[in-house]
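Heads up, the thing below is written out as structure tokens.
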Amino acid sequence: MPTRLWLLGILAYTLTASASVTVYYLPGQEPLFSPGASTTSGAAATYTGAAAYNPTVLEPPPPPNPPITKRFALQLRNGGTPGVSIQQSGAFFGFSIEMSVVNQVLGKNSTVLMVPFLNLMSNLIRRGGSVRVRVGGNTQETAVLVPSLPDGRILSKDEDGLSNPTQTPPLDYTADLIYMLGNISSLVNVDWFLGVPFMDASNFQLAIAEVGQQVLGSRLIGLQAGNEPDLYKRHGHRDENYGPDDYFDEFRRLVDAMSGDAHVTNKHILVGPSIASGDWTPEMVWDTGFVDQFSDNLAFLSVEHYPSDNCYAQFGVGTPRDPQEMFENYLNHESGVNTLARYLDATAYAQAKGKSMLMFETNTASCGGFAGISDSFGAALWALDYSMQMAHSNFSGAMFHIGGQNVFYNPFTPPPTNQTAYHQWTIGPVYYSALVMAEALGPSGKAQVLDLAANNRSTYTPAYGIYEDGNPVRVLLINFIDDPSGANDVTVSISVGGGHTGQPNASPSQVRVKYLSASSVSQKGNFTWAGQTFGANFESDGRLQGDEDTLTVSCDGTTNVCSIKVPAPGAALVFLTDNSLDEVEDNPVQTFATSVRTRMFNTATVDPAVLATSNGHGAFSKKHLGSTSKGSTGSGAARRAVQVDFWLVVGVSFSFALWSFV
């Protein structure tokens, strides 16, 4: 964009935000507008920026009619409750990072790590004990380990070799990418999943298994064998006759190749079949004898599933979908229940075979999600309910996917590489869900989850009990309804023991409550968890801001009931015992500071206190004019003073690095 037009845009924005400004012009430059000149309003321009920052805000669905019951009771019991899940880890909610963007999300290389990522992981580790991260996706399937890449890069994409409907580029990467993962785990308690390239099953490339095991050791907890093999035929990677039996044969070839490789020391680390609900069902794979034949090699069973897709809007394939019409599909309990119904037999089968079942890749919708849904508070409530439903349904973990700048659903997004000097990270709604899940399950590894079928199974107000050693320790309450009037806030009466259970009353005298809050399901950014937030787009370094707010609610000693209000919309996590709160709060959050700078020139900043008291005196003079390019005549302190002075005049009050855009 021409400099003049770009500066005009900044001036126009600033003038609309302040009633009184002084405008100076560069010597010899004609005014671009006259004070007092009449203006007219034009139609808003269509947004053409990165999907990760799309400003689309949808209309929330109206409250249900007929209205829901606003008050209902939950009677919990001690000493064992039928129907609870298997024991769950506080690391249940994990992340799947597309391999092609790890140099944006994790670090530039093994020595320059992304500090916000470390902080984000540390938040979860404090609450749940550890985090599991998968590096892979479609781009793992053709990834090749090479000795080195130009300019010391750890990753290179072949943009001319795109494949799949999602335009997946082949990758080259270096061993330093694996060392980067190892260095992250030396700082924060993160375990990793990687994937063996499966495009050429006649000649498996095992370098990622060899180097991964050598560098990561026990931190490498799984190697994916094939990503969405049920879509290989559809995407043109296999012939028209490819089916579950063919995948069985290819998996066997991989097992044989690993058995003959002395550098692959752990042969019992594979993850499969990772089908995507495309053309196969899990049962079709089980029927080949897959689990029985390869039981010794399988660390986890896996599937991948998105409840919908936005492929038509993103890539011109599939079914057109209107996000406004889709929005209500994500704002009810049935969404998760119906999505997971197809997997209940599979999770039961996994238990019978002594295996853990993972939802290895998921999010709001494939092909990047939906603008206004995937990046809204509604998505935070949806992901929280969906994750709890997966835990109740006996999955052992779920990996929420992270793409690049071109998707709407990222749990967290680093700024574009040319904006890192003045923009921070953007934390999406799904990351808030991860925080709540980590606290709900806690670090003990003994949490068991039960869908309480609350409020006569109302789809708008689900509730989950979390049990340890047979006793309820936490309750998660969700209200999907959007109603700023408060008319659809609900009050939940919780009691432990007594009542129809025939047990003596065990209700506490008080409980502690944390809220996940926003003004509307359509709100973007500035959500709060227990009063703390990561702000709006480009505002986070991975640390929660503000004071933590945990409410104390006294229980009725006569009725033995603890009454908890849940706003519409919102979620409440109720801690029934002091220990259940202490175990997620006792450990301090370890935070990290930036220790190196990758930008060594044009890094001038302005003290906000100076900006607050500046009146713009000095303005511009010819002796300060010069080039803004490194090495050009007039570059240096004098030129920087000119740039800073301009910003003083228009009143922008933050630190910045402007020159690379001029």
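Counting with mature numbering (1 follows the signal peptide of the UniProt record, and there is no 0), you get residues -19 to -1, 1 to 643 for the letters of the sequence shown.
We put the CB at the ideal spot given by N, CA and C, even for glycine.
These figures come from a predicted structure and were not determined experimentally.
Per-residue burial, residue i [other beta carbons within 10 Å of its own, 16 or more giving buried]
| i | result |
| --- | --- |
| residue 276 | exposed |
| residue 16 | Because the pLDDT at residue 16 is just 37, under 50, the model does not fix this residue reliably, and the point stays unresolved. |
| residue 660 | Nothing about residue 660 can be reported from this structure: the residues present for the chain run from -19 to 643 only. |
| residue 115 | buried |
| residue 491 | exposed |
| residue 27 | exposed |
| residue 58 | buried |
| residue 331 | buried |
| residue 225 | buried |
| residue 127 | exposed |
| residue 438 | exposed |
| residue 392 | buried |
| residue 43 | exposed |
| residue 220 | exposed |
| residue 322 | exposed |
| residue 139 | exposed |
Simplified DSSP state of residue i, which is helix, strand or coil
| i | result |
| --- | --- |
| residue 373 | helix |
| residue 34 | helix |
| residue 549 | coil |
| residue 20 | Note on residue 20: pLDDT 36, under 50, position unreliable in the model; the coordinate value appears next. Residue 20 falls in the coil class under three-state DSSP. |
| residue 6 | Confidence at residue 6 is low in this model, with a pLDDT of 34, below 50, so the placement of that residue should be treated as unreliable; the coordinate-derived value is given next. Residue 6 falls in the coil class under three-state DSSP. |
| residue 298 | coil |
| residue 261 | coil |
| residue 566 | helix |
| residue 386 | coil |
| residue 28 | coil |
| residue 351 | coil |
| residue 172 | strand |
| residue 251 | strand |
| residue 542 | strand |
| residue 49 | coil |
Integer-rounded CB distance, given that residue j should sit under 8 Å from residue i
| i | j | result |
| --- | --- | --- |
| residue 358 | residue 499 | 4 Å |
| residue 177 | residue 205 | 7 Å |
| residue 242 | residue 202 | So it is not a contact: roughly 19 Å between Cβ atoms. |
| residue 649 | residue 534 | Limits of the chain in this structure are -19 at one end and 643 at the other, which puts residue 649 out of reach. |
| residue 417 | residue 444 | Contact doesn't hold; Cβ gap of about 14 Å is too wide. |
| residue 124 | residue 154 | 6 Å |
| residue 284 | residue 223 | That pair is no contact at about 18 Å. |
| residue 286 | residue 366 | Not quite, the Cβ-Cβ distance comes to about 15 Å (not below 8 Å), so this is no contact. |
| residue 378 | residue 573 | No, residue 378 and residue 573 are not in contact; Cβ-Cβ is about 25 Å, not under 8 Å. |
| residue 87 | residue 161 | 6 Å |
| residue 45 | residue 462 | 7 Å |
Neighbourhood of residue i by C-beta, 7 Å cutoff - its chain only, sequence neighbours within 5 removed
| i | result |
| --- | --- |
| residue 10 | Note that residue 10 has pLDDT 34, beneath the 50 cutoff, so the model's placement of it is unreliable and the number below is only indicative. Excluding sequence neighbours, residue 10 sits near nothing in its chain. |
| residue -4 | Bear in mind that a pLDDT of 42 at residue -4, under 50, signals an unreliable position, so the number given afterwards is only what the model happens to contain. Closer than 7 Å at the Cβ level, and outside the excluded window around residue -4, lies no residue. |
| residue 278 | 236, 248, 249 and 251 |
| residue 454 | 447, 448, 557, 558 and 561 |
| residue 290 | 299, 346, 347 and 348 |
| residue 564 | 423, 424 and 425 |
| residue 435 | 53, 55, 442, 443 and 444 |
| residue 361 | 410, 411, 413, 414, 497 and 508 |
| residue 64 | 431 |
| residue 292 | 146, 298, 299, 347 and 348 |
Spatial neighbours of residue i in its chain, beta-carbon cut-off 8 Å, leaving aside the 5 residues before and after
| i | result |
| --- | --- |
| residue 526 | 513, 514, 515 and 516 |
| residue 169 | 99, 102, 103, 106, 112 and 571 |
| residue 305 | 39, 40 and 353 |
| residue -8 | Low confidence applies to residue -8: its pLDDT is 44, below 50, so where it sits in the model is not reliable, and the reading given next is rough at best. Closer than 8 Å at Cβ, skipping near neighbours: no residue. |
| residue 238 | 185 and 187 |
| residue 618 | Model confidence at residue 618 stands at a pLDDT of 37, short of 50, so the residue's coordinates are unreliable and nothing is read from them. |
| residue 489 | 477, 536, 543, 557 and 558 |
| residue 79 | 117, 118, 119, 120, 382, 383, 384 and 385 |
| residue 301 | 293 and 294 |
Sequence-distant residues of the same chain with beta carbon closer than 6 Å to residue i, five excluded per side
| i | result |
| --- | --- |
| residue 228 | 210 |
| residue 375 | 66, 67 and 328 |
| residue 394 | 33 and 407 |
| residue 85 | 395 |
| residue 60 | 451 |
| residue 419 | 71, 105, 108 and 109 |
| residue 50 | 436 |
| residue 137 | 130 and 153 |
| residue 288 | 320 |
Cβ of residue i within 9 Å of any chain E Cβ
| i | result |
| --- | --- |
| residue 282 | Looking for chain E here will not work: only one protein chain is present. |
_Runs of alpha helix (DSSP H) wholly within the region 204 to 248 (minimum 4 residues, chain order)_ = With a minimum length of 4 residues, the continuous alpha helix (DSSP H) runs that stay inside the region 204 to 248 are 225 to 240.
*asked:* As an exercise, report each continuous alpha helix (DSSP H) stretch of at least 4 residues that is fully enclosed by the region 406 to 467, in chain order.
replied: 410 to 422 and 435 to 438
*Please specify which runs of the beta strand (DSSP E), each continuous and at least 3 residues long, are wholly inside the region 54 to 109, giving them in chain order.*
74 to 79
_To test your reading of the DSSP string, which unbroken beta strand (DSSP E) runs of 3 or more residues are found completely within the region 308 to 363?_
338 to 343
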